[in-house]
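Q: Here the working numbering runs 8 ahead of the position in the sequence shown, where the first position is 1.
Before I ask anything, here is the structure I am working with.
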Amino acid sequence: MESVEALRSISNDLVEYIQKEVRVDFDNVAQAPLSFYFAGKQHQIGEVLGRFRTGRRDAARGFLVCAENSETYFLYFQPRDPNCVKAIQPGCWILCFRILTDRESMALYREDRKMLIHMTFKKIVDFHGHLCPDLVVGGEHASMFRNSFHRRYFRIKAYPSLLRIPPRPWMPFRSC
């Protein structure tokens with residue numbers, strides 16, 4: 009799994025939360041985990057997809073890793089004393105979650121995390137029926153309206169239905 013797919017899966021909440029303390033073999037030179045032990049077996053880490061800070065002033069203590077069995081996990085180091093400023097701190101490793109594989113995730117979301125376009129724009133194209141040059145501008149205007157004008161002045165949920173008004177017989181059909 010690539011890092012973009014993994015991050016998109018996390019934002020779509022396609023994860024299995026674990027939140028267990030685990031033992032981690034850590035390489036201090038490379039500053040990356042090598043393997044971790046979970047559910048009675050050792051998981052070798054094939055690739056570190058990303059490093060993340062778990063706090064404002066912390067170093068990168070969170071790791072998005074891809075194990076050799078092609079499963080993706082998020083591990084982070086939790087220091088026992090958050091106010092400790094030593095280079096080597098006592099603490100524990102937490103296995104936070106596992107990203108669901110394509111087979112495990114719902115069929116509706118399988119393609120979503122592999123897409124390179126914005127999902128809202130994809131929904132606009134699906135609703136409109138085809139891709140045309142003015143669709144991007146229209147989509148941006150609708151998005152601006154929804155995000156600013158609608159939120160400030162109105163709390164009416166009927167606006168999306170205005171977009172679905174079928175053409176009247178007296179209205180000439182125009183192609184984009």
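Ideal Cβ placement from N, Cα and C applies to all residues, glycine included.
Note that the coordinates shown come from a computational prediction; the quantities given were computed from them, not determined experimentally.
(1) Just how far apart, CA to CA, sit alanine 14 and phenylalanine 34?
(2) Run through DSSP, which three-state label would aspartate 89 get?
(3) Going by Cα to Cα distance, which pick from Gly147, Asp110, Leu83, Val145 is closest to isoleucine 26?
(4) When we look at the beta-carbon of cysteine 74 and count the other beta-carbons within 10 Å, is it buried (16 or more) or exposed?
(5) Let's test the definition: count the other Cβ atoms within 10 Å of the Cβ of serine 78 and tell me whether it reaches 16, buried, or not, exposed.
(6) Reducing DSSP to helix, strand and coil, say where serine 43 ends up.
(7) Hey, is glutamine 50 close to the ligand NAP, as in C-beta under 8 Å from one of its heavy atoms?
(8) Using the Cα positions of isoleucine 107 and phenylalanine 60, report the straight-line distance between them to the nearest angstrom.
(9) Identify which residue in Ile18, Pro90, Gln97, Phe153 has its Cα closest to the Cα of asparagine 36.
(10) Rounding to the nearest angstrom, what Cα-Cα distance links glycine 146 and threonine 109 in this structure?
(11) Under DSSP, the beta strand (DSSP E) around isoleucine 26 begins and ends at which residues?
(12) Would DSSP call histidine 51 helix, strand or coil?
(13) So who's on the other strand from phenylalanine 60, going by DSSP bridges?
(14) Specify, as a first and last residue, the run of the beta strand (DSSP E) that leucine 103 falls within.
(15) Assuming serine 17 is part of the alpha helix (DSSP H), what are its boundary residues?
A: Based on what the coordinates show:
(1) In the sequence shown, residue 14 corresponds to position 6, counting from 1. In the sequence shown, residue 34 corresponds to position 26, counting from 1. Alanine 14 and phenylalanine 34: Cα-Cα distance of roughly 22 Å.
(2) Here residue 89 refers to the residue found at position 81 of the sequence shown. In the structure shown, aspartate 89 falls within a coil segment according to DSSP collapsed to helix, strand and coil.
(3) For the purposes of this step, residue 26 is taken as the residue at position 18 of the sequence shown. Out of Gly147, Asp110, Leu83, Val145, Leu83 has the C-alpha closest to the C-alpha of isoleucine 26.
(4) Counting from one through the sequence shown, the residue named residue 74 turns up at place 66. Counting Cβ neighbours within 10 Å, cysteine 74 comes out buried, since at least 16 surround it.
(5) For the purposes of this step, residue 78 is identified with residue 70 of the sequence shown, where counting begins at 1. Exposed.
(6) Counting from one through the sequence shown, the residue named residue 43 turns up at place 35. Here serine 43 sits in strand by DSSP.
(7) The ligand NAP is absent from the structure shown, which contains no ligand whatsoever.
(8) Position 99 of the sequence shown, counted from the first residue, corresponds to residue 107. Position 52 of the sequence shown, counted from the first residue, corresponds to residue 60. Each residue's Cα considered, the two are about 16 Å apart.
(9) For this step, residue 36 is matched to residue 28 along the sequence shown. The alpha carbon of asparagine 36 has as its nearest neighbour, out of Ile18, Pro90, Gln97, Phe153, the alpha carbon of Gln97.
(10) In the sequence shown, residue 146 corresponds to position 138, counting from 1. In the sequence shown, residue 109 corresponds to position 101, counting from 1. Their backbone Cα atoms lie some 35 Å apart in a straight line.
(11) Here the question's residue 26 lines up with position 18 in the sequence shown. Taken as a continuous stretch (DSSP letters only), the beta strand (DSSP E) holding isoleucine 26 covers 23 to 35.
(12) Here residue 51 is taken as the residue at index 43 of the sequence shown, counted from 1. Histidine 51 falls in the strand class under three-state DSSP.
(13) By 1-based counting over the sequence shown, the position of residue 60 is 52. The partner list for phenylalanine 60 (beta bridge, DSSP) reads Gly70.
(14) Residue numbering aside, residue 103 sits at position 95 when the sequence shown is read from its first letter. Taken as a continuous stretch (DSSP letters only), the beta strand (DSSP E) holding leucine 103 covers 99 to 107.
(15) Along the sequence shown, one-based indexing puts residue 17 at 9. Run containing serine 17: 11 to 19, per the alpha helix (DSSP H) assignment.
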